Ligand SMILES: Cc1ncc(C[n+]2csc(CCOP(=O)(O)OP(=O)(O)O)c2C)c(N)n1
Ligand SMILES: Cc1ncc(C[n+]2csc(CCOP(=O)(O)OP(=O)(O)O)c2C)c(N)n1
Ligand code: SF4
Ligand code: SF4
Ligand SMILES: [Mg+2]
Ligand SMILES: [Mg+2]
C-alpha cells in the first residue's frame with residue numbers, strides 16, 4: 016500500500032465506465048501519455064462479457080520503479096458509472112481521490128470521510144460545448160482526461176501529439192478532442208489544487224520500449240514464424256490473436272499489384288473444424304495454427320489426440336479465461352494447464368508453452384512452430400487473458416535475420432528419390448522422431464496416416480507388440496522434447512537460499528515485485544519461471560537444490576504444481592501452493608502475504 | 016504355466032477363426048457347456064475392428080480353482096484361419112494340442128515337434144454332409160466343438176440342451192447342429208486317443224452363477240436404477256450397453272396392451288448431442304445416461320464441464336478401448352482414467368467409478384445415478400472393454416426390494432410452495448450441495464441455469480468474490496463425494512505385511528490370482544481395489560499403513576497412480592507402477608513377475 | 005441503453021389473460037443488450053405470445069446456446085426455468101428436456117452463429133426428429149457477442165463496417181428445414197411485431213418442430229448501409245408471402261375469405277392457423293411448392309416471410325417413440341423397476 | 005471374402021494412360037470389407053476414374069473420416085498420401101490440406117453416418133465454402149462399422165433385420181448441397197459403374213465442391229427385402245435423370261444431340277461435361293429447377309441419379325481468398341517473413 020510520501024510516479028488510477036460509451040480510447044490516451052513521458056505504466060481493461068451498457072473498468076498503474084503487475088489498490092477513482100458508484104467509492108484506498116460527474120447530485124449514502132472527492136460537471140460541460148448527442152457522450156471521457164492532465168501534470172504536448180495520431184484518418188475530430196481536454200484542464204486548474212500529491216514526473220524509462228498486448232504480439236509472431244494457414248472460430252479473449260495475424264498479413268503478405276495473398280485465414284464453423292483444418296494443412300506441409308480459449312480446447316480434444324498419435328504438427332494458442340464451462344470470458348485465469356497438457360482420451364501428453372509477457376508471446380509463437388514441426392506433435396501456447404488482452408510495456412521487437420524455421424525431419428524430393436524405402440513411423444536415429452513426407456512431392460513419399468493402431472512401418476495393426484512399440488516411442492520423443500523446449504528463467508535471490516518459488520506465465524510481474532518486497536523483509540527466495548511443459552533439466556536441478564518451493568498459479572486446483580509433481584522428481588512436501596483464481600490478475604501482495612503467513616506458521620510449528 | 020499333471024479342469028483353449036464365419040455361437044456353446052458342467056470358465060473374444068474376413072480369436076480358460084483372468088498361455092489351439100496359422104501354431108505352449116482342418120495339406124514350414132497336431136478334415140466332412148453352402152461354412156464350427164467334446168469329455172446332454180435353447184426359435188436347425196457335433200465326436204473317438212490328459216471333469220462350482228458380460232449388466236443396471244432417458248451414439252465397445260438397455264426396456268418397460276413405453280432412447284447424431292440430451296433430461300428431472308468410449312469422452316468435454324459447474328446430474332458409461340485417438344477399438348485398456356477425472360477445461364473434477372466385473376457393472380450403474388443426483392454432477396463409469404464385452408461368471412443377480420433411488424435434494428411442489436424463497440446455488444447445510452427444482456413443478460421453483468459465472472443465488476455474476484464462493488463450494492461437495500462413493504475392497508494377505516497393492520477395474524481377476532501365486536512364493540501383499548474416484552478415507556488409511564505399494568493398471572502413463580499421488584497423502588516413492596497396456600487383458604504372470612523382479616532388485620540394492 | 009429499469013408495478017389497467025396473469029408476469033430480467041438490438045423486440049414478441057396463449061410461465065422451459073440472442077432467455081418468462089447451455093448445442097439440451105417431460109412448452113432461442121455455424125448439425129437433427137418445440141433463430145448475419153464477424157447466414161456481397169466482404173453464399177435455415185423434413189417453417193422480422201406475434205403463437209402451438217427464423221438486426225455491428233441484415237435492407241426486400249393468424253381453441257374464425265385465398269390448418273392444441281397467401285402459385289401445406297417458392301424468391305434477393313410451410317400431421321419424437329402419457333420423469337420408481345421377478349427372468353437367460 | 009489377394013503382376017496387355025501408367029498403378033491395399041459390399045465397387049470406379057483422368061497418383065490426396073466407407077481410402081491410389089482422420093471431420097481436414105496446397109486433387113471419402121450424422125455441420129460448411137474437392141458419400145443408410153444402426157439417410161419405413169423401423173425422414177445430401185450453395189451435385193449407384201465413373205471424373209475435374217452421393221449397399225446389415233438401400237430396391241426405384249459424359253480437354257465432342265437434349269458445360273481443367281437429360285422440365289444448370297426436380301421425385305420415392313446440378317462459375321475457396329499461385333506450403337520463408345524492416349514499422353505503431 017502506498018502512503019502519501021511515495022505517490023510520485025507511483026499510483027493507480029481506476030476508471031469506472033459503462034461499456035459502449037467510447038471510454039476505451041480516452042483511457043488509452045491517458046495511459047499512453049504517461050508512457051510517452053518516460054514513466055513505466057500498464058493499462059488493464061476489466062470489461063464485461065457484453066457489448067453495451069454494462070460496467071467496465073480501466074486500471075492504470077504508474078510505477079516509476081517499473082512494477083507492472085496489478086497493484087491491488089486504487090489511488091484515483093474516476094467514477095463515471097452510476098450503477099457501480101457505491102462499489103467504486105468503496106474500492107478507493109484511504110487518502111485517495113474520487114473524480115465524479117457532478118452534473119447531478121450524488122446520493123447521500125455514497126460518501127466517505129477518508130478520501131477527497133472532486134466533482135466535475137462533465138455532462139453539463141459537454142452538453143453546453145457540443146451539439147451532436149454522440150459527441151456529448153464521447154467527449155465526457157476526453158474531459159476527464161483533461162481534468163487528470165491538470166491534477167497529475169501530464170505533458171500537454173504529449174497529449175496533443177497522441178490525439179493527432181489517433182485521429183490521423185479523421186482529422187476533423189482533432190479540434191473537438193483537444194477542446195475537451197482543455198475544458199477539463201481549465202476546470203481542474205480553476206477548482207482544484209493542482210497538481211495533487213499523487214502525480215507524474217517525466218522520466219527516461221520507456222525509451223526503446225513499446226506498449227503492446229500479448230495477442231497482437233502472438234499474431235505478429237505467427238507471421239514471422241512463416242505460418243500461412245490459420246483456421247479459427249471467434250471466442251473471447253482469443254479473437255484478437257487472429258485479428259492481429261490478419262492485419263499483419265494484410266500489411267506484409269499481400270502483393271500490392273496482384274492482390275495475391277501469401278496466407279489463407281479460414282473462419283471455421285467451430286473449433287472442431289478449426290483444429291481439423293490445422294491438422295490437414297500441417298499434414299500437407301504448411302505452418303498452420305488456430306487460436307481459441309478454454310471451451311474451444313475442450314472441443315478440440317479428439318483431434319489433439321489424433322495429432323499426438325498420428326504425429327502431426329499443430330499450433331494452438333489458448334488465451335485462457337476463467338473456467339470451468341463458459342465461466343467468466345473476460346476475466347483471467349490459468350486453469351487450462353492440465354486440460355491442455357493431457358487433452359484427449361487415452362495416454363496423451365502435449366507440449367505446452369507459457370508466455371509471460373507480449374514479448375514472449377511473440378517469441379513463443381515462433382518457438383511453437385519450430386517445436387511442433389521438429390517434434391511432429393501439437394504444441395499449445397497457454398496465454399493468460401491478462402497478458403493477451405492488456406497493454407504491456409516491453410522492449411522493442413528486434414528481428415534476428417539469421418533465423419530459419421526448423422521444419423523438422425521432412426524428406427524432400429531428392430531424398431525420397433534416393434531412399435531405398437520410406438517408412439513414416441520408423442525412428443532411425445533414436446530421438447523418437449521419424450521422418451515425414453508431404454503429399455505431392457514424390458511417389459515414394461506416399462504413406463497412409465491414421466489414428467487407429469499402426470506399426471512403425473505405417474501399416475494398420477491390431478497387434479499388441481507393434482502397437483506398443485509405437486506408443487513407447489512417443490515417450491522417447493517426449494524425452495527429446497525436454498531438450499528442445501524453452502528453458503526456464505531463473506531469478507536468483509540476493510542471498511543464497513534453500514527456498515524457491517516456481518511460477519509461470521502472467522504471474523511473472525507480480526512474483527518479481529513480490530520477490531523485491533520480500534527481500535526488503537529479508538526473505539530471500541530463488542525464483543524459477545517455467546516456460547514450457549515438459550520440464551527441462553534446469554527445472555529438475557532447481558527442485559533438487561531447494562528444500563521448499565512455493566508454486567504460484569492462478570487456478571483452484573494447483574494445476575502447475577500437479578504437473579511438477581507428476582513429471583519431475585519433486586516430492587509432494589517440497590511444493591507449497593499459492594493459489595489465486597478469482598479472475599483478477601495476480602497482485603504482488605497476494606504472494607507476499609501468503610509467504611509471510613506460511614513462514615510465520617513454520618516458525619511457530 | 017501348467018504342466019501335464021494339473022491340466023484337469025485347468026487349461027486354455029484358443030480358437031482362431033475368421034470373423035463373419037459364424038464361429039461365435041459355436042465357441043459360445045463350447046464355453047457354456049463347460050460352465051454347465053459346474054466348472055469355472057471364462058470366454059474372451061479378440062475380434063478385429065471390422066465386420067467380415069479378418070482374424071478373430073476366442074479364448075476359453077477353464078479353471079477348476081476359479082481363476083478367471085487371461086492366463087497368457089494356450090494349451091489347445093483350434094486353428095481355423097489359414098491367414099494366422101503360423102502365428103497360432105507359434106503361440107501354442109509346449110505340450111499343447113493343435114487342431115486344424117486337414118481337408119487340405121498343411122504347408123511344411125508350419126510344424127513343431129513339441130506339440131501334438133490333430134488334423135480333422137472339417138471342410139471335407141461338411142461338404143459331404145451338407146448341401147447348403149452357408150451351412151457348410153457354419154457347420155465346420157460345430158464339428159470342431161464335437162471333436163473337442165470327445166477330446167475333453169464334455170457332457171453330451173449339456174451340449175444338446177444348449178443347442179436346443181440356442182435354436183428354440185429356429186427348431187429346424189437343431190438336427191443338423193446335433194449331427195455336426197456327433198460327426199466331430201465320432202471322428203475324434205475313431206482317430207484320436209480320447210480323452211486327452213487336458214480334459215474336463217464335472218464340478219459343482221457354478222451353481223447360482225450366471226455368465227454375462229459387463230455391458231449387458233450395465234444396461235440392466237440402468238433399467239433397475241430407474242433411468243428413463245438414454246441418448247447415445249454408436250461406438251465400439253460400448254454399443255452393447257445401449258443394446259442391453261433397449262432389450263431390457265422392451266422386456267420390462269412396455270405396456271403390453273397400449274404399447275406405451277416407459278423409456279425413451281434417442282440415437283443422437285454424435286456424442287456432443289448425446290451428452291447434451293442427458294444434461295437436458297437430467298435438468299428436467301429424469302434419470303438419464305449415455306454410453307460411449309474414449310473418442311466420445313473427448314467430444315463430451317465441453318458439456319461435462321457445464322455439468323460440473325452448473326451442477327447437473329449425468330451418468331456416462333465409458334467402455335474403455337485402446338487409445339490414443341481411434342487406437343484399437345476392439346482391444347482393452349484403462350487409459351481414460353485421467354481424461355475422465357479431469358474432463359473439460361478449467362478447474363473440473365469428476366466422480367469416476369471402476370467396476371471390476373459384470374456384477375459391479377450392474378451395481379455401479381445404479382450407484383452412478385444415486386451419486387449423480389445426490390451430488391448434482393456428472394458421474395463417469397469407467398468400464399474396461401475386457402469386462403464390458405466378454406462373458407464372465409458371476410453370482411446370480413438378486414434384487415433388494417427395499418432399494419429406493421436417491422434423487423438428491425429436489426424440492427417438490429409443497430416444499431416450494433412453503434419456501435420463503437428458493438435459491439438454486441445456496442448451500443444451507445454445509446455439505447456443498449444446494450437444492451434444485453424441476454421445471455413445471457411450481458412457479459417459485461423457476462431458476463436460470465448457466466455455465467457462465469453465477470453467484471450462490473443463481474444470478475449472473477462477473478464479480479470475483481461471488482464467483483469464487485461458488486467454485487470453492489464445489490470443493491466442499493468434493494469432500495462430500497468422498498463419503499458417498501463406493502468404498503474400496505480390501506483383500507488382506509494371510510500374513511501381516513507392509514507391502515500393498517492398489518488396482519482397479521478389470522485388473523482385479525489377474526491381481527487376485529497373482530496374490531495367490533505370490534503367497535505361494537511366500538510373498539505377502541495386501542491388496543486394495545479402489546472402486547471410485549475421489550478416494551475415500553479407506554484408501555488413505557491403506558496408504559498410510561503400507562510402506563510400499565504397487566499400483567497395477569492398464570495404461571502407459573500410470574494414470575491411476577497419478578490420481579493417487581495428486582489426491583491422497585501417498586508419497587511418490589511409496590507407489591510403484593506396474594503397467595501393462597498393449598491391449599490384452601492383464602494376466603497374473605505379468606503382476607507376479609513384475610513384483611518378483613522389483614523385490615529381487617530391492618534385495619540386491 | 006436498455007438497462008434502465010422498467011417499473012415492475014402492475015398498473016390497474018393492465019389486462020389479464022385467462023390465467024389471471026398480466027403481461028408483466030411474462031417478462032423477465034432486464035436486458036443487457038445494446039439499445040435498439042433486434043433481439044429485444046423478439047423478446048417482447050415472445051412475452052406477448054406466451055401471455056396471449058395463456059401458458060402458465062412455470063410450464064415453459066427456455067433453452068438457449070451462447071450469443072447475444074441466447075442471452076435473451078433471461079429477459080422473458082422470469083417465472084420459467086431457463087437453461088443457457090453451451091454454444092451451438094441448444095437443440096440437444098432441448099431434446100433431452102423434452103424427452104424427460106413432453107408436457108412442457110419448450111422454447112429454444114438461438115442465433116445464426118449458434119445454429120448455422122457451430123450448431124448446424126444439431127439444428128438439422130432436431131428438425132429431422134420433429135422435436136416438439138418452438139425454435140427461434142435471432143438472425144443478424146453476424147456474431148454479435150464476439151464483436152461482429154460474419155456468420156453463415158451472411159449474404160453474398162454483404163460488407164462489414166471494417167470493410168470485409170462476404171463472398172460465400174448464405175445458409176438459409178428456412179430452406180434447410182424444409183429439405184430436412186421440418187414440419188413448421190416460418191420467417192419473421194423483429195421490426196414487424198404484428199406479424200411476429202401470431203407466428204410465434206402458431207409455432208408454440210404446433211406439435212412438432214417449429215422453426216421461426218427472425219431477421220433481427222444487430223445495431224452495433226451489422227446495421228449499416230452495406231449490410232443486408234440491416235433494418236433498412238430488410239424493410240426494403242421484405243416480402244410477406246403468407247399472413248398468419250393463430251386462432252385460439254375456443255375462438256371462432258371470424259373473417260371469411262374466398263376459396264384459394266386462405267387455408268385453415270387445425271393444430272393439435274385444438275386451435276387453428278389461418279393462412280392468407282399473397283401469391284397464388286404457392287401452397288404452404290405442400291413441401292415441394294413451399295421449397296420452390298422460397299428458393300426462387302431467395303435467388304432474387306427477396307426476404308420471404310410468413311408461415312412458409314406447415315404439416316401438422318407428422319408424428320413428433322414422443323409419438324414415434326410411443327412414450328407413456330405420464331411424463332417419463334414423473335413415473336413412479338415402482339413402475340420402472342422390474343424387481344426380483346424381472347431378475348429371475350434375467351438370471352434364467354444367462355444361466 | 006475380399007482379402008484374397010489379386011496378383012499385382014502387370015499383364016502385358018494392360019493398357020496405359022498418358023502417364024504410361026496402368027490401372028494397377030491406381031489400385032491400393034487389399035480391401036477388408038465384406039464380400040459384395042457396395043463400397044468396393046466405388047473403390048473400383050475411383051481407380052478407373054483417376055486412371056482415365058491421367059492424375060499422377062502422388063498428386064492426389066485421399067482424406068476420409070471413420071467407417072467402412074472411410075476405410076476405403078486405403079484400397080485405391082496406393083501411391084497417394086492418405087489421411088484417415090476422425091469420425092465426421094473429414095471436411096475440415098480436407099479444407100486445411102487444400103488450403104496448404106491447392107494444386108493437389110483432393111478426394112474425400114465419407115459415409116452417410118460420417119457425413120450426415122456427426123459430420124452434418126462440417127459437410128454443410130465445406131459445401132458453402134465451395135472447397136475444391138471431390139466429396140464422395142458411400143451411402144448405405146446404416147452405420148456399417150458399428151454393426152448396422154440406422155443412419156440419418158435411412159428412409160422412412162425402412163426396416164432393420166432386427167426389426168426396428170425407421171420413422172424419421174431421411175436427410176438427403178443432394179438436396180442439402182443444392183440448398184447450401186453446392187456447385188456440383190451428383191448421385192450415383194455403386195451397382196452402376198458405367199454411370200459412376202464419368203460422374204466421378206467430372207467431379208474430380210470440377211473446380212469447387214463436387215458432391216457425389218453414391219448409393220452403396222451394405223450387404224451385411226442393409227441389403228434385405230425391407231431395406232430401401234438394398235441393391236434390389238435401388239435398382240427398382242433408380243432413375244437416371246441426367247446422363248453425363250466427361251470429355252477430356254483434348255478430346256472432341258463426337259456425338260451430336262438435338263437442341264434441348266444435351267448441354268455442354270466447360271470445366272476449368274479445359275475438359276467439358278456433356279449432360280443428356282431424360283426429363284425436359286428440368287435444367288441441371290439452374291439451381292431452382294434442379295432443386296425442384298430432385299425434391300419432387302424424392303417425395304415420390306424415386307432415387308434420382310446423375311449430375312443433378314452444376315455451376316462451374318462460382319469461385320472456390322482459393323479464388324475468394326485470392327491465394328498466391330504458388331501453393332502456400334511451397335512459398336519460401338524469405339517471402340513470408342517481413343524481417344527487420346517490418347519490425348521497424350510495428351515498433352513505430354506501438355510506441
Ligand atoms: C465453444 C465456443 N466457441 C466460441 C464461443 C464464443 N462465442 C460466443 S457467442 C458466439 C457467436 C454468437 O453469434 P450468434 O449465435 O449469431 O449470436 P448473436 O450474438 O449474433 O446474437 C461465439 C462465437 C463460445 N462461447 N463457445
Ligand atoms: C467420435 C466417434 N464416435 C463414434 C465412432 C464409432 N463409429 C465408427 S464408424 C461409425 C459409423 C459409420 O457409418 P458410416 O459413416 O455410414 O460408414 P459405413 O460403415 O456405413 O460405411 C461410428 C458411429 C467413432 N469412431 N468415433
Ligand atoms: S452486439 Fe448486436 S446482437 Fe449483440 S446486443 Fe448489441 S446489437 Fe444486439
Ligand atoms: S458391414 Fe456393410 S458397409 Fe461394412 S464392409 Fe460389410 S457390407 Fe460394407
Ligand atoms: Mg448472430
Ligand atoms: Mg453408412
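Residue numbers (the working numbering), protein chains in the order written: chain A, 16 to 620; chain B, 16 to 620; chain C, 5 to 355; chain D, 5 to 355. Positions of the beta carbon are idealized from the N, C-alpha and C atoms, including for glycine. Fair warning: this is a prediction, and the values are worked out from it, not measured in the lab.
Residue nearest to residue i in terms of C-alpha spacing, selected from the options
| i | options | result |
| --- | --- | --- |
| residue 396(B) | 485(B), 194(B) and 308(B) | 308(B) |
| residue 344(A) | 402(A), 598(A) and 382(A) | 598(A) |
| residue 253(B) | 230(B), 613(B) and 436(B) | 230(B) |
| residue 28(D) | 40(D), 82(D) and 41(D) | 82(D) |
| residue 425(B) | 438(B), 415(B) and 416(B) | 438(B) |
Where residue i falls: helix, strand or coil (DSSP)
| i | result |
| --- | --- |
| residue 113(D) | strand |
| residue 279(A) | strand |
| residue 228(D) | coil |
| residue 177(C) | helix |
| residue 522(A) | helix |
Neighbourhood of residue i by C-beta distance below 7 Å, restricted to the same chain and skipping five residues each side
| i | result |
| --- | --- |
| residue 607(A) | 529, 532 and 533 |
| residue 580(A) | 587 and 590 |
| residue 266(C) | 278, 279 and 280 |
| residue 35(B) | 66, 67 and 68 |
Neighbourhood of residue i by C-beta distance below 6 Å, restricted to the same chain and skipping five residues each side
| i | result |
| --- | --- |
| residue 456(B) | 428 |
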